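The structure appears right after this line, and notes come after that.
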Amino acid sequence: MPPRTRTPVEMSPFGSWGLPAALLALLCCPGSSEKAPSKQEAVKLGDSYKINCTSDCPNPLIKGLETLLDKKVLQEQAQWTEYLVSNISQDSVLYCYSTCSGKQTKKAVIVNVFHPPEQVLLRLQPARVTVGSSFTITCSVTAAIPLERLTLTLLHGEKPLHVQTFENGTDTPATATHNAIAHKKDGHHNFSCRADLDLHALGRGVISNVSEVQVLQVYEPMQDNQMVIIITVVSVLLFLFVTSVLLCFIFGQQWHQRRIGTYRVQEAWRTLRRTYRTQPT
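Using numbering that gives the first Met the number 0, the first residue of the sequence shown is number 0, and each one after it goes up by one.
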């Protein structure tokens, strides 16, 4: 994201007290300086930010930008100086200050860091179910800042199934889970997850991203029962066929052996009669 020019801001070195202490000091601490109302800006995590510190004084004695972040001067004239603040990694307060005729003026800009939901992941568990069985839809976003402005919406086709917000801003990664019962029509639409980061309060719109669609495979148990019946019938018929072939073979062998045995008895009887007839009387 290219840096943008904004009105003055500055981050005061309040140590670990951070942004709340800086704002408190800006609003409450007495002094001779004049403070203009602060304004808010939204900057993507890690990006740079241009700020133009201006003064109404024709020739201010002192002017500058107070911040703990890296800064450099881009342009400078008598009444204004343009700075580039780099590598913004957290919410910060920038102060533009100037001194004219012994009177100090300080302006503040609150820089709020955001990170869009770049990676939205959706998972169906299990991905193949029978009608009437339960399944779980899980959507997760690995990084989204500020988390309290993120909304995850689980969709079935275009129909919202579940909406998850993160007001406490502590869940990382942000996850939305929804349990459902599979219906036959569930397999006719894709499931997806939409992540919306609402930055209206920071002067921006809504940044959205959608996961890849997932398809739930839904089947009826009756179909599997019919398949089992078919397999069983085929197995029984195959068994009967093999058994009948074996029985035919066995009976055939026995019949053949009986016929051979009868022929041998008859042949022995004929031999015995011929021998008897040839003997002398």
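No residue lacks a Cβ here, since even glycine has one placed at the ideal position from N, Cα and C. Computed from a prediction, not measured in an experiment: that's the story for all the values here.
- Shown here for P125: same chain residues with a beta carbon closer than 7 Å to its own, the five before and five after excluded, namely F134 in chain order.
- For G63, the three-state secondary structure derived from DSSP is strand.
- Assignment of C99 by DSSP, reduced to helix, strand and coil, places it in the strand class.
- Beyond the five residues adjoining it in sequence on each side, Q252 comes within less than 8 Å, by CB distance, of no other residue in the same chain.
- In this structure L93 is in contact with V108, their Cβ atoms being roughly 5 Å apart against a cut-off of 8 Å.
- With respect to L154, Q213 sits apart: the two C-beta atoms are not nearer than 8 Å.
- Our two residues, H114 and K43, have alpha carbons roughly 6 Å apart in a direct line.
- Taking C-alpha positions only, D197 is separated from G156 by approximately 23 Å.
- Around the C-beta of S91, 16 or more other C-beta atoms lie within 10 Å, and the residue is accordingly described as buried.
- DSSP, read as helix, strand or coil, puts H182 in coil.
- In the three-state reduction of the DSSP assignment, Q252 falls in the helix class, which pools H, G and I.
- When C-alpha distances from V140 are compared across E75, L201, A194, T231, the shortest belongs to A194.
- S100 sits exposed, since fewer than 16 C-beta atoms from the chains shown fall within 10 Å of its C-beta.
- Taking P116 as reference, the option from K62, V205, K70, A179 with the minimal CA-CA separation is V205.
- Annotated three-state conformation of H161 is strand, per DSSP.
- If you draw a straight line from the Cα of V232 to the Cα of V241, it comes to about 14 Å.
- The shortest CA-to-CA distance from S191 to any of T53, L215, A181 is the one to L215.
- Shown here for E219: same chain residues with a beta carbon closer than 8 Å to its own, the five before and five after excluded, namely T129, V130, K183 in chain order.
- Restricting attention to T80, D69, L67, the CA atom closest to the CA of P59 is found in T80.
- Assigned with DSSP and collapsed to three states, H114 falls in strand.
- Closest option to E211, judged by alpha-carbon separation, among D185, Q118, G186, V227: Q118.
- Just so you know, the alpha carbons of A173 and L120 end up roughly 11 Å apart.
- Of all alpha-carbon atoms in S132, L245, Q78, the one lying nearest the alpha-carbon of G186 is that of S132.
- The three-state secondary structure of S88, taken from DSSP, is coil.
- Residue nearest to E40 within the set W254, P159, V112 is V112 (criterion: CA-CA distance).
- Rounded to the nearest whole angstrom, the C-alpha separation of G63 and C95 is 6 Å.
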